[in-house]
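S.K.:
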Amino acid sequence: MTVEPPTPPAPTQRRGDDPASTAEHRADLVLEGGGVKGIGLLGAIVGLAERGYTFPRIAGTSAGAIAGSLTAASLRAGRPLEDLVELMESLDYRRFADATLLDRFGPVGKGVELLLHDGIYKGDYALAWIRDQLAELGVHTWGDLRIDDDPDTGLPPDRRYRLVVTASDLSRGQLVRLPWDYHQYGLDADSQPVAPAVRASMSVPFFFRPVTLRAGQGLGECTLVDGGLLSNFPIEIFDRSDEKPPRWPTYGVKLSARRDARQVSHKVDGPVDLALAALHTLMDAHDAYHLDDEHVTARTVFVDTDKVSGLDFGIDRETQQTLYATGRRAAETFLGRLPAAQPSGS
Numbered sequence: 001m002t003v004e005p006p007t008p009p010a011p012t013q014r015r016g017d018d019p020a021s022t023a024e025h026r027a028d029l030v031l032e033g034g035g036v037k038g039i040g041l042l043g044a045i046v047g048l049a050e051r052g053y054t055f056p057r058i059a060g061t062s063a064g065a066i067a068g069s070l071t072a073a074s075l076r077a078g079r080p081l082e083d084l085v086e087l088m089e090s091l092d093y094r095r096f097a098d099a100t101l102l103d104r105f106g107p108v109g110k111g112v113e114l115l116l117h118d119g120i121y122k123g124d125y126a127l128a129w130i131r132d133q134l135a136e137l138g139v140h141t142w143g144d145l146r147i148d149d150d151p152d153t154g155l156p157p158d159r160r161y162r163l164v165v166t167a168s169d170l171s172r173g174q175l176v177r178l179p180w181d182y183h184q185y186g187l188d189a190d191s192q193p194v195a196p197a198v199r200a201s202m203s204v205p206f207f208f209r210p211v212t213l214r215a216g217q218g219l220g221e222c223t224l225v226d227g228g229l230l231s232n233f234p235i236e237i238f239d240r241s242d243e244k245p246p247r248w249p250t251y252g253v254k255l256s257a258r259r260d261a262r263q264v265s266h267k268v269d270g271p272v273d274l275a276l277a278a279l280h281t282l283m284d285a286h287d288a289y290h291l292d293d294e295h296v297t298a299r300t301v302f303v304d305t306d307k308v309s310g311l312d313f314g315i316d317r318e319t320q321q322t323l324y325a326t327g328r329r330a331a332e333t334f335l336g337r338l339p340a341a342q343p344s345g346s
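Per UniProt numbering: the sequence shown = residues 1 to 346.
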């Protein structure tokens, strides 16, 4: 899959009232990746919103990028977040696994597809679905998600966006934060489409084909895959570096129970288990280091989804509803741990 520099879209409709301007509490959100378990993220988001929270900025990786993009677009459009729950529950995840004709030949066909295209599944359905849902909410390019209604913001212009998604640039060997880092590729962030960036963030290596980003100014092509490869839970992404106190807090939502570092998470028995455990370690080790910090765990909602595989594209509706309910309960538990005086924007 290749992303071409797009032509500017037609002007979008006028924005409705932004809930961030009237909500009692504000918090930036960081959403972990987790494949089909992402509806657990929505459960936590709705649980926080029902307690009066709104989210000026959202960062997400993989499933977190999908949930985050839909949440940011819904808030921008003034839509109730509960609408997203029905949308996600009606989604047929099996269509995300859009294999080619080679899939008819079983494991051999999948192996050939992997060798030819660097991924078993095309990811075209996922891209089209994300693009259509965002378009329904009036979001096409990153310019539609610019923060232009906060005169007190001290953010630099290239970071004034309601959404940030992460991807791993295999060509440059670095974590990419979109739209913040488009300038590194000689591209104007406001004119770049949002959906391909979200699609890149969810490109689990070997499962989905990577996204090729064609940079401007003769900088060549770059191969983007799942942001979780380098950081699946970038909880520090919105933290200030100027030593000034934050205007409001950043909360993270993590799709796992709080772990004991001594606990065995992945039993390794044979080469397949070894490969999967190596991938999990690569994706989780960086963020596990952060979770050793009590200040990080204190601002993290832990949604226990450990019994569900993030790559179970055959997930049934009952399991989805269970994940959503688990996310709601996790948000309630988290809020119960906070001080009585809730933080708000300044």
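For glycine and all other residues, C-beta sits at the position ideal for the given N, C-alpha and C.
1) Work out the CA separation of Gly-327 and Thr-42 for me, nearest whole Å.
2) Whole angstroms are fine: how far does the CA of Arg-177 sit from the CA of Gly-220?
3) Applying the criterion that 16 or more other CB atoms from any shown protein chain within 10 Å of the CB defines a buried residue, is His-140 buried or exposed?
4) Rounded to the nearest angstrom, what separates Glu-32 and Asp-304 at their Cα positions?
5) Once DSSP output is grouped into helix, strand and coil, what is the label at Asp-306?
6) What would DSSP say about Ala-325, mapped onto helix, strand or coil?
7) I'd like the span of the beta strand (DSSP E) that includes Asp-28, first residue to last.
8) Please name the residue in Leu-75, Pro-151 and Ser-90 whose C-alpha comes closest to that of Leu-137.
9) Taking the DSSP output, what are the residues bridged to Gln-174?
10) Could you check the C-alpha separation between Ala-331 and His-295 for me, to the nearest Å?
11) Consult DSSP for Ala-59 and reduce its assignment to one of helix, strand or coil.
12) Run the CB neighbour count on Ala-59, radius 10 Å, all protein chains shown included, and call it buried at 16 or more, exposed below.
13) For the alpha helix (DSSP H) that residue 429 lies in, which residues bound it at each end?
14) Closer than 7 angstroms by C-beta to Ala-72: which residues in its own chain qualify, once you throw out the five before and the five after it? Chain order, please.
15) Nearest CA to the CA of Ser-203: which residue from Ala-63, Gly-52, Arg-51 and Pro-56?
16) Contact check, Ser-201 vs Thr-61 under 8 angstroms by CB: the rounded distance?
M.R.: Looking at the coordinates:
1) It should be pointed out that residue 42 corresponds to Leu in this sequence rather than to Thr. The alpha-carbon atoms of Leu-42 and Gly-327 are separated by roughly 7 angstroms.
2) 19 angstroms
3) buried
4) 12 angstroms
5) coil
6) helix
7) 28-31
8) Leu-75
9) Asp-169
10) 17 angstroms
11) strand
12) buried
13) The structure shown does not extend to residue 429, since the chain spans only 1 to 346, so no value can be given for it.
14) Ile-58, Leu-145, Arg-162 and Leu-163
15) Ala-63
16) 6 angstroms
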